[in-house]
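Those protein sequences? They're chains U and H, same order as listed.
When we follow the numbering used here, the leftmost residue of the first sequence carries the number 14, and every step to the right adds one.
When we follow the numbering used here, the leftmost residue of the second sequence carries the number 15, and every step to the right adds one.
Backbone N, C-alpha and C fix where the C-beta goes; we use that ideal spot for every residue, glycine too.
Keep in mind it's a predicted model, so treat the numbers as computed, not measured.
Input: a single structure, listed below in structure tokens.
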Amino acid sequence: MRTLARYWRAPALAALLVVAVVFPLVDTSAVDTTFAINTLIYVAAVTGWSMFSGNTGYVSLGHAVFFGTGAYAVGLLAWHQHLAGDVIFATLPLGGLAAAAVAVPFGLVALRVRRHTFVVVTIAIFFIFQLLAFNLAFTQGNQGVSAPFLQWNPATYNNPFYYAGLIIAVLTIAWSWQIRRSKFGLQLRAIRDDEDRARGLGVRAMRSKLAAFVISAFVTGVVGGLWFYFIGQALPETVFDPTFDLTVALMAFLGGFGTLAGPVLGALILEPLQQQLTLQFTNGYLSQILLGALFLLVILFLPRGLVPSAEEWLTAGRAWLDRRRPPRGPVPAEAAAPETALAARKAGE
Amino acid sequence: MTALLRTEAVSKAFGGVHALADCTVEVDAGSIAGLIGPNGSGKTTLFNVISGYERVDGGRVYLRDADITNAPPDRVFRSGIGRTFQLTRVFPRLTVMENMIVAAGHHDRLPNGSGRGLSGLRSRLARAGGPATRRRAIELLEFTGIARHADVPAGTLSYGQRKLLELSYVLIASPAIVLLDEPAGGVNPTLIGVIADRIRDLNQEGTTFLIVEHNMEFVMGLCDRVTVIDNGTPVVTGPPEVIRTDHRVLDAYLGTDDGDSDLPA
């Protein structure tokens with residue numbers, strides 16, 4: 014059964030990609046494509062976050078720093094250089110680099126502590142950055158930064174953003190997958206399980222954690238830059254936004270913290286839902302309350318997230334089927350039964 | 015004959031408690047050395063100091079001629095000292111094979127400086143655990159008898175199997191010396207025999223051992239030389255048959271009349 018997945022996984026992913034590529038051509042509703050762009054932005058953001066947090070187990074609630082840095086970096090660049098048109102997408106890596114540069118000192122401080130202390134330190138550093146954005150001269154305080162006026166055809170205005178978001182999301186997922194299977198990724202997961210033991214086996218823990226943190230910040234910075242161009246403005250409170258981190262963490266925990274597919278699934282479910290709720294209820298707080306309730310339900314009933322839980326149910330279901338299925342072939346029933354039961358129990362473990 | 019591993023007058027205090035004081039221990043290359051002493055006498059602290067988990071307050075640690083005093087754990091491991099922990103530590107959510115690959119990490123790279131720059135980057139990006147590493151890992155797992163568990167998460171192993179895994183992954187880096195912290199502790203008698211046999215086999219092939227153990231039968235049957243440590247200071251070193259009858263050992267374990275030996279146990 015497990016080997017079957019090998020055969021359908023690649024075609025299924027290809028089909029999904031085709032659907033994603035033709036989507037804005039088929040569905041030209043600006044509301045729908047706006048939903049889709051925001052969703053892609055969060056798919057990339059949560060995958061980028063998971064590159065660090067999912068692999069190392071260090072839960073960062075300070076990634077909005079990188080989102081904001083990326084947004085401000087490309088924003089100030091576009092504003093000073095009077096950029097407009099397709100060239101703006103070429104500046105996105107610079108947003109990533111700015112975020113990565115910020116991540117080095119941030120990581121060197123925050124990564125000295127672990128677990129809960131790390132979470133608290135990331136929140137504290139986040140607020141320092143938000144304050145800086147409000148108060149520094151070059152970030153222009155409350156005014157923030159405005160995006161260049163893009164003279165694209167209003168009918169297909171969303172399409173360049175959609176495809177940029179899709180490319181960023183796909184590349185981020187591919188990168189994340191590559192990290193997971195690499196030696197670097199294995200070292201990160203060893204750090205997650207027992208950091209001191211990993212150090213005693215030759216893993217340079219600080220270096221690996223910092224590298225993952227910086228890579229993760231780069232992706233988040235790129236995403237922040239794209240968001241800035243799409244929304245058209247960066248204010249200290251909208252790009253250095255604490256709910257960004259809470260949303261990303263919620264997506265990851267809903268889908269399955271530490272997995273590759275889980276956070277993506279979490280973003281695909283939560284972001285459209287969040288936007289639909291915001292549209293449905295003119296009272297913005299109601300949608301927030303509903304999301305909060307959802308979060309509680311997830312923690313109560315799916316503490317490990319959708320993907321790991323679904324895998325458990327699948328193996329349990331398979332084991333149940335195996336137990337009920339009469340043994341095939343010439344094997345006598347009484348000889349085969351205990352073996353399959355044992356195999357089923359193993360699979361269920 | 016120069017010692018493979020040598021601590022020179024190492025001292026370490028936690029607050030006012032002197033865990034190690036003037037601790038000089040030598041382990042000859044190719045030997046199996048034992049380290050015994052009452053609870054709280056500083057055996058594990060000595061291991062922590064050697065393997066880089068604790069910094070010394072004074073004294074030096076040498077591996078052959080290299081001064082490794084206060085080197086961080088990853089560098090100590092790379093320099094050729096592997097260790098296991100008293101409370102066995104494996105990576106529970108990684109498979110047994112992945113546990114092995116983590117420990118093989120720096121060994122995948124070639125020694126001629128190719129670990130740096132572009133080729134180093136490529137080796138880090140490549141799929142973890144090449145065929146050679148996996149072959150070596152399976153060999154070692156077969157050697158310790160847990161190869162059939164290679165693909166299960168290490169967290170599902172029994173305590174004894176984890177001890178064997180810990181021994182296996184320390185060995186994959188081909189360390190010059192292995193420090194074992196209570197390899198027989200909490201393990202059933204059959205498995206203790208297996209562990210002792212494996213240590214003997216590895217020693218025949220040239221691996222040096224330093225073993226902390228409370229199981230006297232295990233230590234006396236295995237070790238070439240035994241050091242008794244009390245209050246952080248070695249009191250006597252010698253072959254097992256001499257140690258067995260030395261009065262200072264009995265003093266260390268049972269206490270003396272003049273009351274200079276406290277037994278925290």
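Classification of residue i by the beta-carbon crowding that lies within 10 angstroms, buried from 16 upward
i, result
"residue 219(H)", "exposed"
"residue 243(U)", "buried"
"residue 27(U)", "exposed"
"residue 312(U)", "exposed"
"residue 40(U)", "exposed"
"residue 39(H)", "buried"
"residue 141(U)", "exposed"
"residue 13(H)", "Nothing can be reported for residue 13(H), as the shown portion of chain H is limited to 15 through 279."
"residue 260(U)", "buried"
"residue 300(U)", "buried"
"residue 227(H)", "buried"
"residue 209(U)", "exposed"
"residue 62(U)", "buried"
"residue 241(H)", "buried"
"residue 169(H)", "exposed"
"residue 16(H)", "exposed"
"residue 164(U)", "exposed"
"residue 113(H)", "buried"
"residue 185(H)", "buried"
Own chain, CB closer than 6 Å to residue i, minus 5 neighbours either side, in chain order
i, result
"residue 238(H)", "45, 46"
"residue 236(U)", "54, 57, 58"
"residue 159(U)", "246"
"residue 258(U)", "74, 76, 77"
"residue 128(H)", "Unreliable placement is indicated for residue 128(H), whose pLDDT of 43 sits below 50; the coordinate value is still reported in the next sentence. If we look at residue 128(H) and ignore the five residues flanking it on each side, it has no Cβ neighbours."
Three-state class that DSSP yields for residue i in the structure shown
i, result
"residue 288(U)", "helix"
"residue 246(U)", "strand"
"residue 211(U)", "helix"
"residue 20(U)", "helix"
"residue 190(H)", "coil"
"residue 73(H)", "strand"
"residue 49(H)", "strand"
"residue 193(U)", "helix"
"residue 67(U)", "helix"
"residue 107(U)", "helix"
"residue 40(U)", "coil"
"residue 260(H)", "coil"
"residue 242(H)", "strand"
"residue 87(H)", "helix"
"residue 252(H)", "strand"
"residue 6(U)", "With chain U represented from 14 up to 362, any question about residue 6(U) goes unanswered, as that position is not in the structure."
"residue 257(U)", "helix"
"residue 76(U)", "coil"
"residue 41(H)", "strand"
"residue 96(H)", "strand"
"residue 308(U)", "helix"
"residue 125(H)", "Because the pLDDT of residue 125(H) is 41, which lies under 50, any placement of that residue in the model is unreliable, and the question is left without a value."
"residue 50(U)", "helix"
"residue 316(U)", "coil"
"residue 357(U)", "Legend: pLDDT at residue 357(U) = 45, less than 50; position of this residue unreliable, value from coordinates given subsequently. Helix."
"residue 33(U)", "helix"
"residue 331(U)", "helix"
Where residue i meets chain H, residues with beta-carbon distance less than 7 Å
i, result
"residue 201(U)", "What residue 201(U) touches in chain H: nothing, since even the nearest Cβ is about 10 Å away."
"residue 194(U)", "141, 142"
Partners in chain U for residue i, counting only beta-carbon separations shorter than 9 Å
i, result
"residue 196(H)", "By Cβ distance, chain U contributes nothing, its closest Cβ being about 16 Å from residue 196(H), past 9 Å."
"residue 67(H)", "209, 212, 213"
"residue 266(H)", "The premise fails here: residue 266(H) is roughly 29 Å from chain U at the closest Cβ pair, so nothing lies under 9 Å."
Contact set for residue i: own chain, Cβ-Cβ below 8 Å, skip 5 residues either direction
i, result
"residue 122(U)", "134, 138"
Proximal chain H residues relative to residue i, where beta-carbon distance stays under 8 Å
i, result
"residue 216(U)", "88, 116, 119"
"residue 211(U)", "105, 116"
Spatial neighbours of residue i in its chain, beta-carbon cut-off 7 Å, leaving aside the 5 residues before and after
i, result
"residue 159(H)", "178, 208"
"residue 247(H)", "35, 36, 37"
"residue 181(U)", "57, 235, 236, 239"
"residue 360(U)", "Low confidence applies here, because residue 360(U) scores a pLDDT of 46, under 50, leaving its location unreliable; read the following figure in that light. Answer for residue 360(U): 328, 331, 332, listed in chain order."
Amino acids of chain U, ordered along the chain, whose beta-carbon sits closer than 7 Å to that of residue i
i, result
"residue 162(H)", "In chain order: nothing, as chain U lies at least about 11 Å away."
"residue 97(H)", "213"
"residue 91(H)", "213, 214, 215"
"residue 27(H)", "The contacting residues do not exist; residue 27(H) stays about 21 Å from chain U at best."
8 Å Cβ cut-off: residues of chain U touching residue i
i, result
"residue 19(H)", "Under the 8 Å cutoff, chain U gives no residues; its nearest Cβ is about 16 Å from residue 19(H)."
At least three beta-carbon pairs within less than 8 Å, the segment 249–266 of chain U to the segment 202–220 of chain H = Taking a cut-off of 8 Å on C-beta distances, the segment 249–266 of chain U does not touch the segment 202–220 of chain H, as fewer than three cross pairs fall below it.
request  = Indicate whether the contact test is met: 3 or more Cβ pairs, each with one atom in the segment 40–51 of chain U and one in the segment 222–238 of chain U, closer than 8 Å.
outcome  = Touching, no.
ask   = Are at least three pairs of beta-carbons, each pair with one atom in the segment 85–97 of chain H and one in the segment 210–217 of chain U, less than 8 Å apart?
value = Yes, since at least three Cβ pairs between the segment 85–97 of chain H and the segment 210–217 of chain U fall closer than 8 Å, the two stretches touch.
ask   = Looking at C-beta atoms only, is the number of pairs between the segment 258–277 of chain U and the segment 318–336 of chain U that lie closer than 8 Å three or more?
value = The answer is yes - the segment 318–336 of chain U touches the segment 258–277 of chain U, with three or more Cβ pairs under 8 Å.
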